[in-house]
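Numbering (the working numbering), first residue to last: 19 to 159. Report on one structure; see the data block that follows.
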Ligand code: RTP
Ligand code: MG
């Protein structure tokens with residue numbers, strides 16, 4: 019079944035010039051971009067996007083990190099691409115992420131309060147629908 023997923027290259031990825039590398043891996047896998055925009059998040063947008071994490075110890079540092087620079091937001095399309103992009107991204111903890119994955123190859127633990135792990139990908143069809151509405155209301159539906 020063809021799916022859409024929300025992918026973000028987080029501020030660490032944009033700062034490090036890895037936006038193209040992330041897109042290259044997505045396209046090399048055979049997924050396509052349905053939308054792509056460089057933008058700086060707002061607190062309101064992030065409160066909606068990360069609602070499930072509110073109250074967790076890493077929540078405030080996560081929001082500050084996500085506000086620290088522009089993110090490359092995109093809607094990625096393809097067969098089973100929600101699970102597929104999560105596999106490309108690798109484990110949340112970049113030290114534990116397998117080599118061959120975006121996080122495993124390109125991210126590391128900096129000993130900060132929040133994992134700076136380069137990318138976000140929706141974790142379920144429900145999350146994807148919700149997150150695409152938040153970031154790209156004009157093409158949601
Ligand atoms: P994402 O939502 O960004 O795709 O990542 P994920 O599903 O693998 O991780 P999730 O549990 O949803 O956490 C969201 C983001 O919060 C930061 N985080 N830092 N203890 C920590 O240092 C910690 N735990 C979570 C990461 O940036 C993670 O991607
Ligand atoms: Mg998540």
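Don't be surprised by glycine CBs; every beta carbon is placed ideally from N, CA and C.
Residue i, enclosing beta strand (DSSP E) - first and last residue
i: residue 96; result: 89 to 97
i: residue 57; result: 50 to 57
i: residue 35; result: That residue, residue 35, is in no beta strand (DSSP E); it is neither H nor E in DSSP.
Closer than 7 Å: residue i CB and nearest the ligand RTP heavy atom
i: residue 76; result: yes
i: residue 160; result: No information on residue 160 is available, as it lies outside the stretch 19 to 159 that the chain covers here.
i: residue 113; result: no
i: residue 110; result: yes
i: residue 63; result: no
i: residue 21; result: no
Proximity of residue i and residue j at Cβ, strictly below 8 Å
i: residue 32; j: residue 87; result: yes
i: residue 92; j: residue 29; result: no
i: residue 139; j: residue 25; result: yes
i: residue 14; j: residue 27; result: Residue coverage of the chain in this structure runs from 19 to 159, which leaves residue 14 outside it and unanswerable.
i: residue 146; j: residue 95; result: no
i: residue 120; j: residue 40; result: yes
Handout entry: For the ligand MG, residues whose Cβ lies under 7 Å from any non-hydrogen atom
Key = 138 and 141
Problem - Validate contact between the region 115 to 134 and the region 58 to 67 using beta carbons, cut 8 Å, 3 pairs - result: no
Exercise for the section: Please confirm if the region 89 to 106 is in contact with the region 60 to 73, defined as three or more CB-CB distances below 8 Å between the two stretches. Expected result: no
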